[in-house]
Structures are given as structure tokens and as C-alpha cells.
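Residue numbers (our numbering): 37 to 194.
Beta carbons: idealized from backbone N, C-alpha and C, even for Gly.
Structure record follows, encoded as C-alpha cells.
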């Protein structure tokens, strides 16, 4: 809920993501326009596996008992990566995305990770604008490649 000044009625708490957050997390993802959800990686089992591998780095924003933002964040021991960064539309432009990103980056630093990356779809104007506005560098000097190892891991877009 919003007040007349556009501030949320409920205070927002940014905290570490837990497996118990999955149902709300998945519902949030389904509301994000242009969001790609993979049938296996983003299933309850897939997210659980990710959180077991990265127990302290994924973040949610919660307001009034509802998850209104999230970042899946993990690392390979060398570089961190953000996945599925989102803030519910009616909670945007209040600093929640930046607070979540900073929280995830601090968690990575505690694990001695010194660099973090993310991928944003070219058509994601809101996301690309956000990352540039908070100081992330757009890389033009590299190409990103994918190789699908399991054709059953189907991506659907909202």
C-alpha cells in the first residue's frame, strides 16, 4: 500500500533469503514483466539447491509480511553473480533495489569475493537504467555465450 507521498505504508526489511520464501518468491517472479523463469533452475528444488550452495548471499526485501524484492546471488569462489533481481512495481524507486544489491555485495565481500556481475536482457529498459544509475559498468568488450546442457530446462517469459 502507498500513502499520498508515494512511500510504502509498511517498512521494508532486507534480509537473507530462506528456502521458506520460495512460494512468495515465485509469485513475485510471475508478476515481473519480461522475467524469464526456467522450469528446472527456478523450481523449488532448483532454488533450494542454489541456496544450499550459497546460504548467505541471496537477499529478499519484505514489507508487511510479503516479499516485494529479491536477488538470487551466488559465487564460484572467484566471482559473484546476481540472478533474478527484481522489485515489485509498486515498491520501485524507493531505494529497495539498491539496498538489496549492497546487502548482497557485502555478503560476497565477507566470503572474499572481489567482483560481481549480472546479466540484464537488452529489452529490460528499467533494469538497465537502474544498474547504470547505481554505478555498474556496461561491458562492451566481451561477448556472452550460453550452451544448454539440459533441453528440459525450459524458459518461459512473463
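| For residue 184, does the count of other Cβ atoms within 10 angstroms reach 16, so buried, or fall short, so exposed? | When all chains shown are included, residue 184 counts as exposed.
| query | CA-CA distance, residue 194 and residue 109? | reply | 21 Å
| request: Assign residue 162 to one of three DSSP states: helix, strand, or coil. | output: Residue 162: helix per DSSP, three-state reduction.
| query | Among residues of its own chain, excluding the 5 on either side of residue 124, which ones have a beta-carbon nearer than 7 Å to its beta-carbon? | reply | 64, 67, 104, 105
| task | Just mark residue 40 as buried or exposed, buried being the case when its beta carbon has 16 or more other beta carbons within 10 Å. | result | Unreliable positioning characterises residue 40 in this predicted model, as indicated by a pLDDT of 47, which lies under 50. A coordinate reading is not provided.
| query | Fully enclosed by the stretch 106 to 141, which beta strand (DSSP E) runs are 3 residues long or longer? | reply | 116 to 123
| Exposed unless 16 or more other CB atoms sit within 10 angstroms - verdict on residue 93 | buried
| field | Three-way DSSP call (helix, strand, coil) for residue 104 in this model | value | strand
| query | Can you tell me where the beta strand (DSSP E) with residue 72 in it begins and where it stops? | reply | 72 to 74
| To the nearest angstrom, how far is it from the Cα of residue 145 to the Cα of residue 118? | 14 Å
| Collapsed DSSP secondary structure at residue 50 in the structure displayed | strand
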